[in-house]
Every structure is written in structure tokens, then in C-alpha cells.
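Q: Below is the structure I would like to discuss, written out as C-alpha cells.
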Amino acid sequence: MSLPDSPPLAYASSANPWFSWQYVHDNSATLVAALREHASLTVEAVVLAAIVAIPLAVLAHWYHRSTGPILALSGVLYTIPSLALFAVLAPFIGIGRGTVLIGLVIYALLVIVRNTLAGLGQVPDDVREAARGMGYGRFASLIRIELPLALPGIITGLRLATVSTVALTTVGVLVGHGGLGQLITTGFHANYRAEITTATVLAVVLALVLDLLLAGAGRLLTPWLRRRAS
Amino acid sequence: MNYINQAVVWLNDPLNWTNPGTGIFTLLEQHLRITGAAVLLGCLVAWPLGLWLGHTGRGGGVVVVVSNVTLAIPTLALLSILPLIRAIGIGELPVIIALAVFAVPPLLANAYTGLRSVDPEVREAAQGMGLSGWQLLWRVELPLAVPYLAAGLRTAAVQVVATASLAALVAGGGLGEIISDGFGLGLSRAGGQVLAGGLLVAVLALMVEGVLAVVQRLVTPRPLRRSQRVRKSRTAVAAES
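One line per chain: the protein sequences are Z and P, in this order.
Residues 1 to 230, numbered by this note's numbering, are exactly what the first sequence covers, in order.
Residues 1 to 241, numbered by this note's numbering, are exactly what the second sequence covers, in order.
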């Protein structure tokens, strides 16, 4: 009776490769759709997070009293596992893209606030005083002196937030919008290796490409750093 | 509000706590066992490597590369891939290995930084007293790096206890099961269970963070602790005056 057991095993090992061009070719439309959802969720989350986080960091920087509470709150929120956050959000927001997006924005927010605050803190006091002496108001000094000098910190925050958001988006499978995570999970349940590895490689490449784009943008925006280095 | 009531009802049902296979106590024990094993495995790999790199002063690049690469790999992907590698097999082992991979970067980086931040004069004095390389590492550098090792352990453990909840997505057990089972049943039927599971996992992560913060404080020598606080209050006074 052991005979019927062995052929499926042999079949499984030969038809379950770690990578298959045939799979990529046959499912290119699905792969592109998943990649597009993944990329759009990531970009939207980081952009929304930056819009909220940078003003928040400026507030924390201006009013020293609020720095401690803002950092403490962000630390507590960051400790909460993504699965738990999605589980707490889903009953109130519903099953869908919005729940994933809000969760991703919250995590990206914390990273950007911390790094922006660190960047603003690195602006030398004499530069700030010189700006005031030249007649810059608080707001003008912020826009034209302090934020540009804090750019390296802000870019670092955006890069970290982007890379971790790409990885985190996969947890969205819980509510049916995990981008490439969707393929990872179906591949796992179908016990099909090529689907998992293809989706994983696409996710890692997406993270790398977005990271390089941000690093390039950072280099273009801070030409004085390059001049100093050379 | 309806879901909050349902979550309270779910948490008040003693069967949900003591059920043999799927109760909170069983899942919590499994969760903590997986976490402990993963952190231990991570320490066994990362600490010797980080201490050695820090002692010799080489390989700072390795530390950065390791942490950047692991940041980009989705946890879910590693959790799904490892059970399909035949040498590892299914069950708790692939989950433990996957989580250990994500525990390595903070452990490695902190061990390396801890040794690199030892005052060079202290190191020279120890060498002048005739300590060999091993003695220097074991009796001078390692004790001075303990606060850094503790900080790395805290970061790694909190991260692993949080990520261990994702094991439920690949049938790996742990408290995440409550959440993924609830989503499987649908929000209309098990919304309260999902919410209750989310709260349990969040509370567990915050508790681990709190306990390890106390442990980190205890193993940090008092002078190092106090100097930080004094410095902070001094800058606060300077800012106000």
C-alpha cells in the first residue's frame, strides 16, 4: 500500500521549484497588479505620514515641553505589533485598503517624527542665532535655514520609513490588501514555492528601488554635503 | 461600541482562557516559548560575532549591511519560505529561525557599538598591565559593554515578541491565532474576538518592553544612569534660563 504514496512525493519535488519562469510568465498580470498595489500603498502611506510627521516634529522642536510626550507616545505606539494594530483598527474601520493604509501611516509617522526631530536638533545654535541676527523670523528661519539643514535627518527618516513600510505592507493580507503579501500567503497555503519566492524578491527589489530613489533625491537636495565631502 | 462589548464578553469567558488547545494560556505559553528560543538563538549567533568584530575593530560595514538587508525582507516572507525548506521542516522550528533572523541586527549592532565605545585609554591601560587579548575582552571590554548588550536584548526581545504574533498567519501558533482565527470567522461573527486578540497581543508587547526596561536599568551601573539624568536636567535648566 506504500506505492500510491511515493509518486505524489516525487511529483511534488520536481514540480515545486524555488523559481519558475513559467510561473512568472503565466501570472504576469497578477504579479503586476500585486506589485502595483504594494507600491501604491507604500508611497501613499509614506507621503501621508510625512505630511503629518514633519509639522509634528517642528512643533515638538519649538515647544520643548511637548518633545518628551510626543517621543514617549511614539515609542509606545511603535511597540504595538502590526498584527495587533490591524486587529484593533479593522472592527472600526472595516475590512479593506483603508485599514492597511492607516496602520502603515501610523508606523511610518513615528520613524519620520523621530528622525526629523534629530535632524532639527543637529542644526548648530550659532547658525540659528545668525539667522535671527540677520532678521529672519521664526517661520522664515525654519523654512529657509533649519529645515534645509535638517534634510539629511528627514531623508534618513523617509528612507527607513519606506523600507520598513514595504516589508510591513505584507501583513495587510489579514484584511485582504497585502499587495505582494497576498501572493506569499496563497503560495504558502498552496505549498507552491515559486510564488512565495517571486513575491519576496519583488518586495525586496521594490524596497531597494524606492530607497535608492530617495537617496538620489537626498543627494540632489543637499549639494553642500557633497562639496564638503570631496 | 458593539465590538468593544463583544471583546469584553469574549475576554470574560473563562473557556477562552483555559481551552486546552486554543485557550489564551496555552497560546501565551507557546508565544513566550517561541520568543524565548528565537531570542536565545539570536544571542548565540549575534553576540559572539558582534563582540569579536568590536574587539578587533573591523567589520563595521558588516553590521550595517546585515541590519539594512533584514529590514527589507518581509517577516511574512521568511515565515512562509522556511517551512518549505525540507531540511528545516514544519512546526515551531522554522518560526523560531525566522524570528531569530530578525533578532540578530539589534543584538549585533549593540554588541559592536558597546565594544567600540570603550574608552581607548582604558583599553591601553589594560594592555599596559599585561592583559592578553582574551583577558582584555573578557575582563575589561565585556563588563563595560553590558549596558549596550542589555539595550540590544531589550530591542530584540520586544521586536520578536511582536513579530511572533505573525506566526499565526502561517499556522505557527502563538497569541496571533486569536486574531487570525477571528478574521477567518469574519468580523460580523468574531469582531469582538479580533479586538480582544489585538488588545492581548499589544498588552503583552508593552509588558515585555516594561519588564526589560527595568532589567536594563538594573544591569546598567549606577554612575552611567545618573550622569544621563543629570545631563538632561542641566540642559533643561539651561534652556529655561
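Heads up, the beta-carbon is just placed ideally off N, CA and C, and yes, glycines get one too.
Can at least three beta-carbon pairs, one atom from the region 110 to 118 of chain Z and one from the region 84 to 101 of chain Z, be found at a separation below 8 Å?
A: These segments do not touch.
Q: For the putative contact between VAL38/P and ALA103/P, defined by C-beta atoms under 8 Å, what is the C-beta separation to the nearest angstrom?
A: Going by the sequence as given, residue 38/P is Ala instead of Val. So it is a contact: roughly 6 Å between Cβ atoms.
Q: Compare the Cα-Cα distances from GLY98/Z to each of LEU212/Z, ALA194/Z, VAL173/Z, ASN16/Z and report the closest residue.
A: Comparing Cα-Cα distances from GLY98/Z to each of LEU212/Z, ALA194/Z, VAL173/Z, ASN16/Z, the minimum goes to VAL173/Z.
Q: Can you tell me whether ASP181/P is helix, strand or coil according to DSSP?
A: Reduced to three states, the DSSP call for ASP181/P is helix.
Q: Taking CB distances under 8 Å as the criterion, tell me whether PRO91/Z reaches chain P.
A: Taking Cβ atoms only, chain P reaches closer than 8 Å to PRO91/Z, which makes this a yes.
Q: Within 10 angstroms of the Cβ of LEU73/Z, are there 16 or more other Cβ atoms? Answer buried if so, exposed if not.
A: Answer is exposed; the Cβ neighbour count stays below 16.
Q: How big is the Cα-Cα spacing for PRO4/Z and GLY174/P?
A: Its pLDDT being 43, under 50, PRO4/Z is placed unreliably by the model, and the measurement read from it follows with that caveat. In a straight line, the C-alpha of PRO4/Z is about 35 Å away from that of GLY174/P.
Q: Nearest to ILE90/P by CA position, among ALA150/Z, PRO17/Z, PHE188/Z, LEU206/Z, is which residue?
A: Measuring from the Cα of ILE90/P, the nearest candidate turns out to be PHE188/Z.
Q: Alpha carbon to alpha carbon, what distance is there between GLY60/P and ALA50/Z?
A: Spanning the two alpha carbons is a distance of roughly 30 Å.
Q: By the three-class DSSP mapping on this structure, what secondary structure does ALA171/P have?
A: Correct three-state label for ALA171/P: coil.
Q: Mind the definition here: the region 68 to 88 of chain P touches the region 187 to 201 of chain Z only if three or more C-beta pairs lie below 8 Å; say whether that holds.
A: The region 68 to 88 of chain P is in contact with the region 187 to 201 of chain Z.
Q: If contact means a Cβ-Cβ distance below 9 Å, which residues of the region 28 to 55 of chain Z contact chain P?
A: Against chain P - using a Cβ distance shorter than 9 Å - the region 28 to 55 of chain Z contributes no residues.
Q: Under 8 Å, Cβ to Cβ, is there at least one residue of chain P near THR200/Z?
A: For THR200/Z, the answer is yes, since a Cβ of chain P falls inside 8 Å of its Cβ.
Q: Report yes or no: is there a C-beta of chain Z within less than 8 Å of the C-beta of ALA205/P?
A: Interface residue, yes.
Q: Near ASN16/Z, which residues of its chain fall below 6 Å by C-beta distance, leaving aside the five closest residues on each side in sequence?
A: For ASN16/Z, where only same-chain residues beyond five positions count, the Cβ hits under 6 Å are ARG193.
Q: Mapping the DSSP letters down to three states, classify MET134/Z as helix, strand or coil.
A: MET134/Z: coil per DSSP, three-state reduction.
Q: Under a CB-based cut-off of 8 Å, is LEU51/P close to chain Z?
A: Closer than 8 Å: no.
Q: Look up GLY91/P in the DSSP assignment and say whether it is helix, strand or coil.
A: The answer is coil: DSSP assigns GLY91/P none of H, G, I, E or B.
Q: Could you please tell me which residues of the region 184 to 196 of chain P, in chain order, have their CB closer than 7 Å to any CB of chain Z?
A: Listed by position along the chain: LEU187, GLY191, VAL194, LEU195.
Q: Taking C-beta pairs closer than 9 Å, name the residues in chain P that SER164/Z reaches, listed in chain order.
A: LEU71, ALA72, listed in chain order.
Q: Applying a beta-carbon distance threshold of less than 8 Å, which residues of chain Z neighbour SER67/P?
A: Within 8 Å Cβ-Cβ: nothing; SER67/P doesn't reach chain Z, min ~11 Å.
Q: So if I threshold CB-CB distances at 9 Å, which residues from the region 64 to 85 of chain Z count as touching chain P?
A: Per Cβ criterion, the list reads HIS64, GLY75, VAL76, THR79, ILE80, PRO81, SER82, LEU83, ALA84, LEU85.
Q: Output the residue ranges of the alpha helix (DSSP H) runs that lie fully inside the region 41 to 108 of chain P and measure 4 residues or longer, sorted by chain position.
A: Those alpha helix (DSSP H) runs which fall completely within the region 41 to 108 of chain P and span 4+ residues are 60 to 72, 75 to 81.
Q: Check for me: the alpha helix (DSSP H) holding TRP10/P runs from which residue to which?
A: Residues 2 to 12.
Q: According to DSSP, is ALA33/Z helix, strand or coil?
A: If DSSP states are grouped into helix, strand and coil, ALA33/Z belongs with the helices.
Q: Whose CA, out of VAL43/Z, VAL175/Z, PRO148/Z, lies closest to the CA of VAL100/Z?
A: Here the closest residue by C-alpha is VAL175/Z.
Q: Among GLU37/Z, THR169/Z, ALA34/Z, which one has its Cα closest to the Cα of PHE86/Z?
A: Cα-wise, what sits closest to PHE86/Z is THR169/Z.
Q: If we call anything under 8 Å between Cβ atoms a contact, is ALA98/P one with THR75/P?
A: In this structure, THR75/P lies closer than 8 Å to ALA98/P by Cβ.
Q: Look up HIS177/Z in the DSSP assignment and say whether it is helix, strand or coil.
A: The answer is coil: DSSP assigns HIS177/Z none of H, G, I, E or B.
Q: Would you kindly work out how many angstroms separate the C-alpha atoms of SER13/Z and LEU142/P, rounded to a whole number?
A: In this prediction, SER13/Z has a pLDDT of 48, which is less than 50 and means its spatial position is unreliable; what the coordinates show is noted afterwards. Their Cα atoms are separated by approximately 48 Å.
Q: Strictly under 8 Å for the Cβ-Cβ distance: is THR197/Z near chain P by that measure?
A: Yes, its Cβ sits closer than 8 Å to a Cβ of chain P.
Q: If contact means a Cβ-Cβ distance below 9 Å, which residues of the region 35 to 46 of chain P contact chain Z?
A: Here the close residues number zero.
Q: Strictly below 9 Å CB to CB, what residues from chain Z border GLU209/P?
A: Neighbours of GLU209/P on chain Z, chain order: GLY75, VAL76, THR79.
Q: Does DSSP put TYR192/Z in a helix, a strand or coil?
A: Reduced to three states, the DSSP call for TYR192/Z is coil.
Q: Going along the chain, which unbroken runs of the alpha helix (DSSP H) with 4 or more residues stay wholly within the region 33 to 57 of chain Z?
A: Counting whole runs of 4 or more residues, the region 33 to 57 of chain Z contains no alpha helix (DSSP H) stretch at all.
Q: Take the Cβ of VAL204/Z as the centre, count every other Cβ of all protein chains shown within 10 Å, and call the residue buried at 16 or more, exposed below.
A: Buried, since its Cβ has 16 or more Cβ neighbours within 10 Å.
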